[in-house]
Structure formats: C-alpha cells, structure tokens
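> Under the numbering used here, the first residue of the sequence shown carries the number 13, and numbering increases by one thereafter.
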Amino acid sequence: MVENIRWHLELGGEVIAKIQDAHKYDLPWTYGVLVESPEFERFRPYFTDSDFWSDDDSMIEALCVEVYTKGGFTLRDIITGETYLNLSLNQREDTVWFRIGCRLINRTTK
13 MVENIRWHLE LGGEVIAKIQ DAHKYDLPWT YGVLVESPEF ERFRPYFTDS
63 DFWSDDDSMI EALCVEVYTK GGFTLRDIIT GETYLNLSLN QREDTVWFRI
113 GCRLINRTTK
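Encoded structure:
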C-alpha cells in the first residue's frame, strides 16, 4: 500500500512520477522519494547534469524536444492543489530533490 504521496510530477497532463514526502529539507531544496513511478525511468536522463550530456546524443535530444513541446514538467501538490512550473529537480536512484519555490500557476480547492 502506497502512503503519503505528496506530489505528482506531470508532463502534458500525464503523471510521470509519484513522489512521497521524505520530510527532509535543505533550503531551497525539498526531498522526496519516487514511488511506483516506472514512467519516470524514460525521463531519468533528462534530470541529470547537462554538462555530462553528449552533444550528439539523439535520446537526450528527443527527450528535450518532447518536454519542450508538452510545455515542460510541472509539480502538483496533491494535498494543497498547488501546481508549480519552472521546476528544478535532481535525482539519484529513488531519491529526488527539487525547489518548490517556483512560480505558482494555479490552485484548486478540494
């Protein structure tokens, strides 16, 4: 049973990853844990340091084009309904850390 899913990483309205709150903060970073997120694996290379990308890597190029054409990643807080864009997210194995101080684009009510 999955508990404490706090955020959804979305692309083009599709949930790419479910993120559990790790209750760890190192301002400006918030830490989480990927939970049941096989869709994230295809995008994992996108969330690596671009300094290590090869100039002729067609897979990275295709991911960048897809992310751009779908409007970029958003992070939705499923508890508050807040949705953020201009996301800065890093990852290592199942741990992710991101800045949630990005621009709020909407807020839904429950």
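All C-beta atoms, glycine included, are put in the ideal place defined by N, C-alpha and C.
With 16 as the cutoff for other CB atoms within 10 Å, does A74 come out buried or exposed?
As a working note, residue 74 is residue 62 in the sequence shown. Counting Cβ neighbours within 10 Å, A74 comes out exposed, since fewer than 16 surround it.
> Among all the DSSP beta bridges, which residues are the ones paired with H20?
Position 8 of the sequence shown holds residue 20. Looking at the DSSP assignment, H20 forms a beta bridge with K30, R88.
> Do I91 and F55 have their beta-carbon atoms positioned less than 8 Å apart in this structure?
Taking the sequence shown and counting its residues from 1, one reaches residue 55 at position 43. Taking the sequence shown and counting its residues from 1, one reaches residue 91 at position 79. Result no, Cβ atoms of F55 and I91 do not sit closer than 8 Å.
> Three or more C-beta pairs under 8 Å: does that hold for the region 41-58 against the region 67-81?
Touching, yes, given that three or more Cβ pairs across the two stretches are closer than 8 Å.
> Closer than 6 Å by C-beta to W109: which residues in its own chain qualify, once you throw out the five before and the five after it? Chain order, please.
The sequence position of residue 109 within the sequence shown is 97, counting from 1. So the qualifying residues of the chain are W41, Y43, N102.
> Determine the direct distance from the alpha carbon of W65 to that of P50, and round the result to whole angstroms.
Within the sequence shown, residue 50 is the residue found at index 38, counting from 1. Within the sequence shown, residue 65 is the residue found at index 53, counting from 1. Taking the straight line joining both Cα atoms gives about 22 Å.
> Would you mind reading off the limits of the beta strand (DSSP E) that contains R104?
Counting from 1 along the sequence shown, the entry for residue 104 is found at position 92. Element bounds for R104: 100-104.
> If you follow the beta strand (DSSP E) that Y43 is part of, which residue opens it and which one closes it?
For the purposes of this step, residue 43 is identified with residue 31 of the sequence shown, where counting begins at 1. From DSSP, the beta strand (DSSP E) with Y43 extends over 41-47.
> So, under 8 Å CB-CB, S100 and R111 are touching, yes? Tell me the CB distance rounded to an integer number of Å.
Indexing the sequence shown from 1 puts residue 100 at position 88. Indexing the sequence shown from 1 puts residue 111 at position 99. So it is a contact: roughly 5 Å between Cβ atoms.
> Pick from V79, E105, T107: whose alpha carbon is nearest that of N98?
Residue 98 sits at position 86 when you count from the first residue of the sequence shown. The shortest C-alpha separation from N98 is found at V79.
> Closest by CA to L23, which one among S70, H35, F85, T81?
Counting from 1 along the sequence shown, the entry for residue 23 is found at position 11. Here the closest residue by C-alpha is F85.
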